[in-house]
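Step one of this worksheet: look at the structure below.
Residue numbers (this note's numbering): 47 to 296.
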């Protein structure tokens with residue numbers, strides 16, 4: 047038996063984010079680059095007992111499966127980001143949209159009519175390579191590094207109209223913490239803050255057709271970890287840090 051070498055670890059593959067459609071399933075593949083500079087990210091399709099490579103750009107961190115198509119984004123240069131659509135039985139993608147800002151990621155779909163996209167923005171006015179300004183809590187997160195002044199935005203892409211709508215755009219300090227899809231609605235856990243982010247975010251119900259958001263639970267009341275539909279009702283797991291009940295929220 048040979049000893050494990052450092053370069054052997056570059057062959058380790060991580061699979062996740064399984065989404066199925068009938069007899070076929072799509073998985074996200076993550077693998078470290080041999081030069082140690084970042085990771086390769088692809089999508090694989092599982093069909094007839096065989097796992098095959100579906101995409102080849104190497105940037106497909108997240109995606110949405112809609113019918114027989116996958117939607118994902120890839121960066122083009124430093125400025126713009128491209129939205130792609132690829133059929134499960136095709137070897138190459140088709141460009142759907144060209145966003146003039148970097149960092150968009152497809153994270154989910156809604157009823158086959160909309161895509162949810164996220165994007166992280168930096169509110170800091172100035173950046174320095176000599177020091178790090180820390181004026182918010184939290185300012186650091188494991189696996190992400192410094193998150194001071196960073197906010198996660200949420201967008202809806204209308205597949206029919208080919209139109210991008212930013213949610214909560216009137217509040218630049220709003221950050222999205224979690225998103226869930228249930229009964230053709232989007233449920234967002236998020237909060238607006240400037241110095242200290244509440245541990246428990248507020249819960250909103252968003253109509254993807256209009257972008258309108260209705261507050262269901264104010265921030266600071268409970269930590270919501272899941273929202274789902276069951277028998278024509280919407281339920282959620284809410285932790286009040288005393289007990290963890292399951293309760294209907296709509």
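Each residue gets a CB set at the ideal place from its N, CA and C atoms; glycine is no exception.
Quiz item: In terms of residues, what are the limits of the beta strand (DSSP E) holding residue 277?
Solution: Start at 1 with the first residue of the chain shown, and residue 277 comes out as number 231. Looking at the DSSP string, residue 277 is not in any beta strand (DSSP E), and its letter there is neither H nor E.
Once you ignore the five residues that flank residue 297 on each side, which residues in its own chain have a CB closer than 6 angstroms to its CB? This structure does not reach residue 297, given that the chain is present from 47 up to 296, and the question cannot be answered.
Q. Could you check where the beta strand (DSSP E) with residue 70 kicks off and where it finishes?
A. Numbered from 1 along the chain shown, position 24 holds the residue referred to as residue 70. Taken as a continuous stretch (DSSP letters only), the beta strand (DSSP E) holding residue 70 covers 70-78.
query = When you compare each of 47, 69, 77 and 48 to residue 57 by their alpha carbons, which one comes out closest?
reply = For the purposes of this step, residue 57 is taken as residue 11 along the chain shown, with counting starting at 1. Closest option to residue 57, Cα to Cα, is 77.
Open item on the list: Can you list, in chain order, the residues of its chain with a C-beta nearer than 6 angstroms to that of residue 103? Leave out the 5 residues immediately preceding and following it.
Closed with: By one-based count along the chain shown, residue 103 stands at place 57. Within the same chain, residue 103 has close Cβ partners 120.
Could you say if the stretch 175-189 and the stretch 225-232 meet the contact criterion of at least three C-beta pairs nearer than 8 angstroms? no
Determine whether the beta carbon atoms of residue 74 and residue 63 lie at a separation below 9 angstroms. Along the chain shown, read from residue 1 onward, the residue named residue 74 stands at position 28. Along the chain shown, read from residue 1 onward, the residue named residue 63 stands at position 17. Cβ distance < 9 angstroms, so residue 74 and residue 63 count as in contact.
Residue 125: buried (16+ other C-beta within 10 angstroms of its C-beta) or exposed? Residue mapping note: residue 125 aligns to position 79 of the chain shown, counting from 1. Exposed: under 16 other Cβ atoms inside 10 Å.
For residue 158, tell me which candidate among 110, 83, 96 and 147 has the shortest Cα-Cα distance. For the purposes of this step, residue 158 is taken as residue 112 along the chain shown, with counting starting at 1. Minimum Cα distance to residue 158 is reached at 110.
*asked:* Rounded to whole angstroms, what is the Cα-Cα separation between residue 98 and residue 92?
replied: Numbered from 1 along the chain shown, position 52 holds the residue referred to as residue 98. Numbered from 1 along the chain shown, position 46 holds the residue referred to as residue 92. C-alpha separation (whole angstroms): 6 angstroms.
- Where residue 249 and residue 267 are concerned, what is the direct C-alpha to C-alpha distance, given to the nearest angstrom? Here residue 249 refers to the residue found at position 203 of the chain shown. Here residue 267 refers to the residue found at position 221 of the chain shown. One C-alpha to the other measures close to 10 angstroms.
Which of the three DSSP states is assigned to residue 118 in this structure? By one-based count along the chain shown, residue 118 stands at place 72. Looking at residue 118 - three-state DSSP - the assignment turns out to be strand.
Exercise. Do you know how far the Cα of residue 142 is from the Cα of residue 132?
Worked result: Against the chain shown, residue 132 aligns to sequence position 86. Against the chain shown, residue 142 aligns to sequence position 96. The straight-line gap from Cα to Cα measures roughly 10 angstroms.
Taking only runs that begin and end inside the stretch 162-233, name each unbroken beta strand (DSSP E) of 3 or more residues, in chain order.
-> 196-204, 209-213 and 220-228
**OP:** For residue 259, collect the residues of the same chain with a Cβ closer than 6 angstroms to its Cβ; drop the 5 residues on either side in sequence, then sort them by chain order.
**Re:** Taking the chain shown and counting its residues from 1, the one referred to as residue 259 is at position 213. 250 and 252.
- Apart from the five residues just before and just after residue 270, which ones in its own chain have a Cβ nearer than 6 angstroms to its Cβ? Within the chain shown, numbered from 1, the residue matching residue 270 stands at position 224. Excluding residues within five positions, the ones whose Cβ falls inside 6 angstroms are 235, 249, 282 and 284.
### Inter-residue spacing [alpha-carbon to alpha-carbon] between residue 145 and residue 212
Along the chain shown, read from residue 1 onward, the residue named residue 145 stands at position 99. Along the chain shown, read from residue 1 onward, the residue named residue 212 stands at position 166. Distance between the alpha carbons of residue 145 and residue 212: 13 angstroms.
Count the other CB atoms, across all protein chains shown, that sit within 10 Å of the CB of residue 247; report buried if there are 16 or more and exposed otherwise. Within the chain shown, numbered from 1, the residue matching residue 247 stands at position 201. Under this definition residue 247 is a buried residue.
| Mind checking whether residue 226 and residue 273 have CB atoms under 9 angstroms apart? | Here residue 226 is taken as the residue at index 180 of the chain shown, counted from 1. Here residue 273 is taken as the residue at index 227 of the chain shown, counted from 1. Contact: yes.
>> Could you compute how far the alpha carbon of residue 36 sits from the alpha carbon of residue 198?
In response: Residue numbering for the chain in the displayed model covers 47 to 296; residue 36 lies beyond these limits and cannot be assessed.
key: Three-way DSSP call (helix, strand, coil) for residue 240 in this model   = For the purposes of this step, residue 240 is identified with residue 194 of the chain shown, where counting begins at 1. Residue 240 falls in the coil class under three-state DSSP.
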